[in-house]
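K.L.:
This is the structure, below, for whatever I ask next.
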Amino acid sequence: PFVAELEAEDQAVQPGWAIRSVGEVDWSLERITEARRELAEVDEMERAAIERIRAKAEQLRKHPTQTVDFFSHHLRMWAEEHPEQVTSGNRKSRAFLHGRLGYRAKPLRLEVQDGEALLEWARHRSLIVTKVEPNMQLVRALFKSQGEVPAGCDVVGGDSEFYVQTKEE
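With positions in the sequence shown counted from 1, the corresponding number in my numbering is that position plus 3.
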């Protein structure tokens, strides 16, 4: 029954049906208002269901996350107490039946904390890149006033677009 209901809803535009009076226009606007309200309710139900699923997933992640943290901590403690069991010579890690323990060098990197301070520092050292780009505000003004279409551009739009606005919008 539910599938048949969905299939019937997929055929919302009925061939042969047409608006024939001003009263039917208003009635149609009322139907659109109701349908948009229903769509908003469906969106809210979806949001609530997703939130419930996220909360449940977070709850389900808790124990495995604690397990990973617990064993990772103890493996690190063991590796620090027994470095000869993990690294020796050029070896930075050791393989086990179910995985590998080891050390990796983390590359040095910069993390910007104060963008303005960095910009000022870069200015004093001539480490500034100037981006060259067209001034689109002026390009659009020229197009609007003279009709000139700039190279690399296409003209889109300009035609009228039908819209439906209900009393609740």
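Glycine included, C-beta positions come from ideal geometry on N, C-alpha and C.
What does G19 pair with, by DSSP beta-bridge criteria?
P.N.:
The residue given as residue 19 occupies position 16 in the sequence shown. BP columns for G19 are empty, so no partner.
K.L.:
Quick one: what's got a C-beta closer than 6 angstroms to T36's C-beta in the same chain, skipping five residues either side?
P.N.:
The residue labelled residue 36 in the question sits at position 33 within the sequence shown. These residues qualify, in order along the chain: T169, E171.
K.L.:
Taking the beta strand (DSSP E) that R97 falls in, what are its first and last residues?
P.N.:
What you label residue 97 is simply residue 94 of the sequence shown in a count that begins at 1. That run of the beta strand (DSSP E) goes 96-99.
K.L.:
Smallest Cα separation from V158: which of V25, H76, R143, V167?
P.N.:
For the purposes of this step, residue 158 is taken as residue 155 along the sequence shown, with counting starting at 1. When each option's Cα is compared against that of V158, the closest is R143.
K.L.:
At what residues does the alpha helix (DSSP H) containing L130 begin and finish?
P.N.:
Translated into the one-based positions of the sequence shown, residue 130 becomes position 127. Here L130 belongs to no alpha helix (DSSP H), and DSSP marks it neither H nor E.
K.L.:
I'd like the span of the beta strand (DSSP E) that includes R143, first residue to last.
P.N.:
Here the question's residue 143 lines up with position 140 in the sequence shown. Run containing R143: none in the beta strand (DSSP E); it sits in the alpha helix (DSSP H), 139-149.
K.L.:
With H, G and I counted as helix, E and B as strand and the rest as coil, what does DSSP make of S91?
P.N.:
The residue you call residue 91 lines up with position 88 of the sequence shown. Three-state result, S91: strand.
K.L.:
Would you check if the distance between the CB atom of L32 and the CB atom of V115 is smaller than 9 angstroms?
P.N.:
Here residue 32 is taken as the residue at index 29 of the sequence shown, counted from 1. Here residue 115 is taken as the residue at index 112 of the sequence shown, counted from 1. For L32 and V115, no; Cβs fall outside 9 angstroms.
K.L.:
Quick check: G105 and V89, are their CB atoms within less than 9 angstroms of each other?
P.N.:
Stepping through the sequence shown from its first residue, residue 105 is reached at position 102. Stepping through the sequence shown from its first residue, residue 89 is reached at position 86. In this structure, V89 lies closer than 9 angstroms to G105 by Cβ.
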